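Quick note: the sequence shown uses my numbering, first residue 325, plus one each step.
Notes follow once the structure below has been shown.
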Amino acid sequence: MYLLYSALLAASLLVSLPYWMFGKRRHGKYREGLGERLGKVPSRLQGQAQPAIWVHAVSVGEVLAVGELVEELRRRFPHRVVVSSTTATGQKLAKKRFGEESVFYFPLDFGFAIRPYLTALKPQLIVIAETEFWPNFLRLARKSGARVAVVNARISDRSWPGYRRVRRLGILAGVLRNVDLFLAQTAEDARRLQDIGAPAERLQVTGNLKFDVLAPDPPAIVASLRSAFQQAGAGPVVVCGSTVEEEEGLLLLAFQNVLASYPRAVMILAPRHPERFGEVARLLEQMGLRFWRRALWGGDSLAGGVFLVDTIGELASLYALGDVAFVGGSLVARGGHNIIEPAQHGVPIIVGSHTENFRDIVGLFQHHDAVRVVGPAEFPLVLMDLLSHEAERLALGRRGAETLRSQMGATERTANALEKLLESTDGGGSQTTIR
């Protein structure tokens, strides 16, 4: 089965090679870390006798989610904790958070790429965030003698049908048996994991790590913007974060309506993907809106215009400046993004109806009347209503912050479960030959 899977994976990579080459040439994507992805272990990871705990977090969201857990693992265990990621943005954030000497690109799911890392790191525990079920990696990790745990595990509404189709082929259960422990976000996620083949005795519900993510120390731009708003008498401020294609146009039309009533209003607009910064700037020009790019802003008054965030890593802090926050990927069918970041600042939140990827978080906030969920036609009306009614707006923000605080504690529960798993390793995690 694994030979067939490897052959199919290789074939799919060959077929998609033109796409990767196009991305590499146009956006510079996939160029960085190619050697590491192919199994070249960077020198910074080699030559250390200290046993390792390997944490894998595919991209920015997962890196943020495991941040407090990584620190807790470092406090509890003598092991060297290393972190892999798949995307360039995840890599950049992980290096900033955990130190460049501990971060690397996750290898492609081929034995020749995986084995060098297992040999060099000799991990006693491998911790995978959410649902990265790579068959060859899980099989070889288990054969190496490492314990394998999936933390913050979830099966989204979007991916659920696909997993059920694969389950019928009878191969997924065998892959999941290579995992020693599944720590699910919710009881529904645990039920879905069991349904696709995860052994029931290896399942626990420990909560969502994202509720424990601490608000980052604000970068200097936050104070600069706050000062500029105060000096110019600018406001109200609408922060639209993690926006995607076909969404910015709807948001900017709504902002034009806001300007009719609040001519000194400001929108802080942060597209999700860096390669789209130029595209969004052109859209702003076409719509005739005054705007400033974050990378070029020199302190000018922003009243009556749009501040285009063409940098990464600052959005979580910029939410604090908002009178209202919209979290993107939700007015169009992209599954939504994390609403916890604005909730940390007590900022009232609006999302669209497409929040499948954050089903439980949004559902929880809805239950506590701590978020407004709207369609494209409703968004301008709900936005204006919140801006026009201060008491309602502030109460919505307070309920969001209170809902967030009520869900904390997943990091400790997860670390406790991992500690028990590591203690159960026979002989301290002795390594076997990996073939």
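No residue lacks a Cβ here, since even glycine has one placed at the ideal position from N, Cα and C.
Predicted model only: the values in this text are computed from it and were never measured.
Have a look at V406 and R421 and give me their C-alpha separation to the nearest angstrom. 12 Å
Is the region 391–405 close to the region 734–745, with three or more CB pairs under 8 Å? yes
Could you give the first and the last residue of the continuous beta strand (DSSP E) run that contains L507? 505–508
Shorter than 7 Å from the beta carbon of D513 to some beta carbon of chain B? Of the protein chains in the structure, only one exists, and it is not chain B.
Helix, strand or coil for G752, going by three-state DSSP, please let me know. For G752, the pLDDT reaches just 43, beneath the cut-off of 50, and the residue's location in the model is therefore unreliable, although a value from the coordinates is still provided. It is helical.
By alpha-carbon positions, which one of K446, F631, G622, H691 ends up nearest to V604? F631
Less than 6 Å between C-beta atoms, sequence neighbours within five positions excluded: which residues of the same chain meet that for A381? Cβ neighbours of A381 beyond the five flanking positions: V387, V390, S409, A453.
Three or more C-beta pairs under 8 Å: does that hold for the region 548–565 against the region 513–530? no
What are the start and end residues of each continuous alpha helix (DSSP H) run of 4 or more residues lying completely inside the region 477–522, in chain order? 484–491, 496–500, 511–519
With 16 other Cβ atoms within 10 Å as the buried cut-off, status of D647: buried
I want to know whether the region 477–489 touches the region 411–430 - three or more CB-CB distances under 8 Å. no
Using the three-state DSSP reduction, which class does Y305 fall into: helix, strand or coil? Because residue 305 is not part of the residues shown, which for the chain are 325 to 759, the question remains open.
C-beta atoms of H678 and S712 nearer than 7 Å: no
Which residue or residues does DSSP assign as beta-bridge partners of T567? P595.
Have a look at A594, A544, S585, R463 and flag the residue whose alpha-carbon is nearest the alpha-carbon of G623. Put simply, of A594, A544, S585, R463 the residue whose alpha carbon is nearest the alpha carbon of G623 is A544.
Less than 7 Å separating the beta-carbons of G435 and N476? Judged by beta-carbon spacing, N476 lies beyond the 7 Å limit of G435, meaning their Cβ atoms are not closer than that value.
Other residues of its chain near L626: CB distance less than 8 Å, five sequence neighbours each side excluded: L549, A552, F553, A556, A558, V590, W616
Please return the same chain residues whose Cβ sits closer than 7 Å to the Cβ of A470, not counting the five positions on each side in sequence. P447, Q448, L449, I450, G753
Please state whether DSSP places S408 in a helix, a strand or coil. strand
Quick one: Cα of A524 to Cα of S748, how far? 18 Å
By Cβ distance, which residues of its chain are closer than 6 Å to G751, with the 5 residues on each side in sequence left out? The predicted model places G751 with a pLDDT of 45, which falls under 50 and marks its position as unreliable; any figure quoted below should be read in that light. The answer is none, since no qualifying residue turns up.
Using only the alpha-carbon positions, how far apart do K534 and R683 sit? 14 Å
So the beta strand (DSSP E) F615 belongs to, where does it begin and stop? 615–617
Beta carbon of I674 nearer than 7 Å to that of R696: yes
Closest by C-alpha distance to Q374, when choosing among S336, T510, V671, R404: R404
Run through the DSSP bridge pairs and tell me what F631 is partnered with. I592, W616
What does a CB cutoff of less than 6 Å around T411 pick up in its chain, not counting 5 residues either side in sequence? S383
Taking the alpha carbon of N502 as the reference point, which residue from D519, A376, Q509, L462 has its own alpha carbon closest? L462
Considering just the uninterrupted stretch of the beta strand (DSSP E) at L527, what are its terminal residues? Note, L527: beta strand (DSSP E), 527–529.
Determine whether the beta carbon atoms of G652 and H661 lie at a separation below 7 Å. yes
Where Y429 falls: helix, strand or coil (DSSP): strand
Determine the DSSP secondary structure at F650, reduced to helix, strand or coil. strand
Which term fits A497, buried or exposed, when burial requires 16 or more other beta carbons within 10 angstroms of its beta carbon? exposed
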